[in-house]
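Trainee: At position 47 of the sequence shown the residue is numbered 47 (full-length UniProt numbering), and the sequence of numbers has no breaks.
Don't be surprised by glycine CBs; every beta carbon is placed ideally from N, CA and C.
Mind having a look at this structure? Questions to follow.
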Amino acid sequence: MAAGSTAINFSTPCALFPCQPLSLGFSRSSFHRHQAAKNQRRSTRRAASTPAITAKLELKPPPYPLNALEPHMSQETLSYHWGKHHRGYVENLNKQITGTELDGMLLEDIIFLTYNRGDILPPFNNAAQIWNHEFFWESMKPDGGGKPTGDLLELIKRDFGSIDTFMEEFRAAASTQFGSGWAWLAYKANRLDVGNAVNPSPADEDKKLVVVKSPNAVNPLVWDYYPLLVIDVWEHAYILDFEARRADYISIFMEKLVSWEAVGSRLEMAKAQAAERESEERRRQEEEEKNAGDAEAVEMYLDSNSDEPEAD
Ligand SMILES: [Fe+2]
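Here it is as structure tokens:
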């Protein structure tokens with residue numbers, strides 16, 4: 001475990017984990033970032049009608065009508081993709097977590113815990129697929145496409161060399177993801193290439209945009225990155241409109257559907273959260289140093305007392 005991180009012990013649900021406390025070994029600051037992420041997430045829960053079940057995840061609709069992306073993504077595709085697949089993940093996860101200690105947790109926390117540092121626990125796939133699909137719907141808009149602007153554009157130029165190079169890398173990631181999965185643009189504030197590790201001395205030059213692809217339901221949250229943009233390259237995302245032509249689907253997504261406004265807003269939020277996280281880490285270190293200094297002073301005082309000559 002990285003220096004400065006603390007294992008968090010969770011009392012685990014017997015239906016999912018061994019019936020004993022299990023140290024999942026996540027760094028506390030990583031966990032807290034996910035706690036912070038929940039604050040930006042619009043609620044997908046409702047109060048349960050019975051006190052035994054604390055909350056249920058709800059199927060969140062796309063932020064536009066199901067025909068709003070036509071002709072680039074058909075109503076038929078969205079009805080099938082959102083109404084069948086996304087709905088299925090929600091229903092299945094609710095069944096999996098009802099009555100367990102995951103019941104009532106925020107989705108990001110369920111994802112983080114059940115990823116279990118790569119030793120994936122059963123609810124992970126449904127939980128992550130819910131998050132990924134909500135993020136995907138919000139990555140698109142009617143009359144989308146075009147080019148990014150502002151800070152996002154500048155960071156893309158800095159980290160990829162040009163907007164065209166970024167576009168090529170993103171297309172390549174999406175088209176070469178073998179089988180089902182996702183391609184992402186993410187903000188990486190942690191320079192360590194170790195999952196869940198804490199960067200002990202983050203600097204501005206460490207923070208950069210990256211293009212990554214992930215298999216099945218995995219998303220960059222589990223690597224401690226901040227996702228900014230995603231394309232779903234599961235076949236169910238494009239089979240009705242493009243048959244097996246994934247490359248055509250990727251082109252239409254980039255040219256006609258991406259909401260660069262959403263990506264830009266996510267970048268600003270990611271930078272703010274990364275800065276807040278660093279500030280918290282600095283405060284924690286200062287507190288530890290102060291406590292260590294106080295303890296040393298007490299020890300010296302006690303030592304000096306013991307060195308005093310005894311009175312005759
Ligand atoms: Fe999908």
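So D224 is in the alpha helix (DSSP H); what residue range does that whole segment cover?
Mentor: D224 -> no alpha helix (DSSP H), and no H or E assigned at all.
Trainee: When you compare the CB positions of G181 and S214, do they come within less than 7 Å of one another, or not?
Mentor: Taking 7 Å as the Cβ cut-off, G181 and S214 qualify as a contacting pair.
Trainee: With DSSP run on the structure shown, which of helix, strand or coil describes Y64?
Mentor: In the structure shown, Y64 sits in coil (DSSP, three-state: anything other than H, G, I, E or B).
Trainee: Nearest to residue 313 by CA position, among D232, E58, H236 and A128, is which residue?
Mentor: There is no way to answer for residue 313, as the model of the chain reaches only from 1 to 312.
Trainee: Less than 8 Å between C-beta atoms, sequence neighbours within five positions excluded: which residues of the same chain meet that for H32?
Mentor: For H32, the predicted model reports a pLDDT of 44, less than 50, meaning its position is unreliable and no value from the coordinates is stated.
Trainee: Going by beta carbon distance, what residues of the same chain come within less than 6 Å of R171, once the five residues before and after it are set aside?
Mentor: The answer, listed in chain order, is I250.
Trainee: On a Cα-Cα basis, can you pick out the residue from L153, N216, R158 and S162 that is closest to A183?
Mentor: Here the closest residue by C-alpha is N216.
Trainee: Verify the contact flag: W137, CB atom, against every heavy atom of ligand 1, threshold strictly below 6 Å.
Mentor: Not under cutoff, so the answer is no.
Trainee: Identify the continuous alpha helix (DSSP H) that holds Y187 and give its terminal residues.
Mentor: It is not in any alpha helix (DSSP H) - Y187 instead sits in the beta strand (DSSP E) that spans G181 to K188.
Trainee: Is H72 near ligand 1, going by C-beta to nearest heavy atom under 6 Å?
Mentor: No.
Trainee: Is M105 helix, strand or coil when you go by DSSP?
Mentor: Of the three classes helix, strand and coil, the one that applies to M105 here is coil, per DSSP.
Trainee: Report yes or no: do three or more beta-carbon pairs, one from the region 92-112 and one from the region 59-78, lie closer than 8 Å?
Mentor: Touching, no.
Trainee: Report the three-state DSSP secondary structure of L121 (helix, strand or coil).
Mentor: If DSSP states are grouped into helix, strand and coil, L121 belongs with coil.
Trainee: In terms of residue numbering, what span does the alpha helix (DSSP H) encompassing K141 cover?
Mentor: From DSSP, K141 is part of no alpha helix (DSSP H); its letter is neither H nor E.
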